[in-house]
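Everything in the sequence shown is counted per the numbering used here, starting at 856 for the first residue and increasing by one.
Just so it is clear, CB atoms sit at the ideal spot from N, CA and C, and this is done for glycine as well.
Predicted model only: the values in this text are computed from it and were never measured.
Please read the structure below before turning to the comments.
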Amino acid sequence: MTVLRCERVAAGDLDRAVADLGELTLARMPEGVFVDVADDRANDAVRRLAFAGICARPALVALAPRPGTYAALGRDLGPLPLGSLSLDLVHVRRLSVARESARLLRHPPWRRNVNADWRARCRDLLRGTDAALTWRRRAWSTRDILRSKEARRSLRPVVFDVGAVGSPPEHRMLVAEAALARWLFG
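Structure, rendered in structure tokens:
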């Protein structure tokens, strides 16, 4: 795995670049913003991120939580101040167009018509103007920070089920929402 330090230099579509890369890990730390990609995809990641207005350079940083910090799982991609969390990771994976469009058009038998908004989303997926992603968020910080109101809106501290840190819940999003860019540089 190759870790790239990211710096935003211009406006661009980060979410689209992430979707084009397929599977990767985004990280926020007090030291900065990072992307973790497979070694064989590192050059492609640098190029795609450059088109999204992000300067990415290889870095020698370990994306590991600091000792004495506690884990939390993400409910949403609400950004917290960069210095408040020891490590904030989001694992992103692109979804199949076929499965996601089928999910969007699926409806219960008692409902005859599908919501028009969902149809528009499905149409955008099929045309390639949008893409579907799944994300899993894990964060580590001190107890005081994880107890704060701001952190509790976006994160759920792991208290009893320590095994949940290894497999956080999976959430879905569309590239058009631009939630990853807001979280990463928020």
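> Going by the CB atoms, is the gap between Thr989 and Arg930 shorter than 9 Å?
Replying inline: Counting from one through the sequence shown, the residue named residue 930 turns up at place 75. Counting from one through the sequence shown, the residue named residue 989 turns up at place 134. No, they are not a contact pair.
> Going by DSSP, what residues sit across from Thr843 in a beta bridge?
Replying inline: Absent from the structure is residue 843, since the part of the chain shown begins at 856 and ends at 1041.
> Leu1039 lies in the alpha helix (DSSP H); which residues open and close that run?
Replying inline: For this step, residue 1039 is matched to residue 184 along the sequence shown. Here the alpha helix (DSSP H) through Leu1039 covers 1034-1040.
> On the three-pair Cβ rule with 8 Å, is the stretch 945-961 touching the stretch 893-903?
Replying inline: Fewer than three Cβ pairs drawn from the stretch 945-961 and the stretch 893-903 lie within less than 8 Å of each other, which leaves the two stretches out of contact.
>> Quick check on DSSP: helix, strand or coil for Val818?
In response: Residue 818 is absent from the model: the chain starts at 856 and stops at 1041.
> How would you write the range of the alpha helix (DSSP H) that Ala971 sits in, first residue to last?
Replying inline: Counting from 1 along the sequence shown, the entry for residue 971 is found at position 116. From DSSP, the alpha helix (DSSP H) with Ala971 extends over 971-982.
> If you draw a straight line from the C-alpha of Val858 to the C-alpha of Gly933, how long is it?
Replying inline: Numbered from its first residue, the sequence shown carries residue 858 at position 3. Numbered from its first residue, the sequence shown carries residue 933 at position 78. Those two C-alpha atoms are separated by around 23 Å.
>> Less than 9 Å between the C-beta atoms of Leu1035 and Ala994, yes or no?
In response: Reading the sequence shown from its first residue, position 180 is the one you call residue 1035. Reading the sequence shown from its first residue, position 139 is the one you call residue 994. If you check the CB distance, Leu1035 and Ala994 do not come in under 9 Å.
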